[in-house]
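In our numbering, the protein residues as written are 3 to 224.
No residue lacks a Cβ here, since even glycine has one placed at the ideal position from N, Cα and C.
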């Protein structure tokens, strides 16, 4: 099982880097949240090729998060912090399922709205407004993310099988993502991705140590 956990933690760590470097594909993501006031900038952004790659990396990244979250729970399920980990798993999976919906809107709906704006249909920009249904979707996703990661951080801290503060570093990284600025989001995604790599390395070392101890000859009384 440890090999599976190491692989899963490495995959979710890679998701952090995918999000971090993916954010560099577009010049300024924050125009998305101000589409109503900056419709032309929004339209040019969401109809560009780099934007399509940026949005697609969201689907891949969320899938990688799911794999890593489930394997992390497998490790924590055998510890005294299992209840915390299970609650964190449920909330984290809720975030990731909603994340698929978020990126579906970003990848498939926004480019259509942008093209219509470029065609002169300015009224349609209201459907890209970060209010109403979209605001609720983003809000629930954010709340479930931070709640799930907070519970996972507590589980990791209590479990004694992973670096105690690694879970809280993941929490901090995700907590910084909503703040504007591509540079800040790059740092935030690298931070939480790095924390999962830290967990993977720790588990790998522990696994190798256990293999060494299993193979070490024991003395018996004759």
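I need the DSSP call for residue 224, collapsed to helix, strand or coil.
Any reading at residue 224 must be qualified, since the residue scores a pLDDT of 38, below 50, and its modelled position is unreliable; the value itself is stated next. If DSSP states are grouped into helix, strand and coil, residue 224 belongs with coil.
Cα-Cα, which of 160, 181, 69 and 173 is closest to residue 194?
173
From what residue to what residue does the alpha helix (DSSP H) around residue 159 run?
135 to 161
In three-state terms, what does DSSP make of residue 56?
helix
Going by DSSP, what residue range makes up the alpha helix (DSSP H) through residue 43?
41 to 48
For residue 14, does the three-state DSSP call read helix, strand or coil?
helix
Taking residue 85 as the reference, give the member of 167, 150 and 178 with the closest Cα.
150
Would you mind reading off the limits of the alpha helix (DSSP H) that contains residue 81?
Premise fails: residue 81 is in no alpha helix (DSSP H) and is neither H nor E.
Integer Cβ distance of residue 98 from residue 64, believed to fall under 8 Å
5 Å
Should residue 138 go down as buried or exposed, given a rule of 16 or more other Cβ atoms within 10 Å for buried?
exposed
Could you tell me the distance, in whole angstroms, from the CA atom of residue 53 to the CA atom of residue 33?
12 Å
Distance between residue 78 and residue 209 (C-alpha atoms, nearest Å)
15 Å
Classification of residue 110 by the beta-carbon crowding that lies within 10 angstroms, buried from 16 upward:
exposed
Leaving out five residues before and five after residue 118 in sequence, what residues of the same chain have Cβ atoms less than 7 Å from its Cβ?
126
Look at residue 198 and residue 60 and say whether their C-beta atoms are less than 9 Å apart.
no
In whole angstroms, give me the CA-to-CA distance for residue 25 and residue 183.
10 Å
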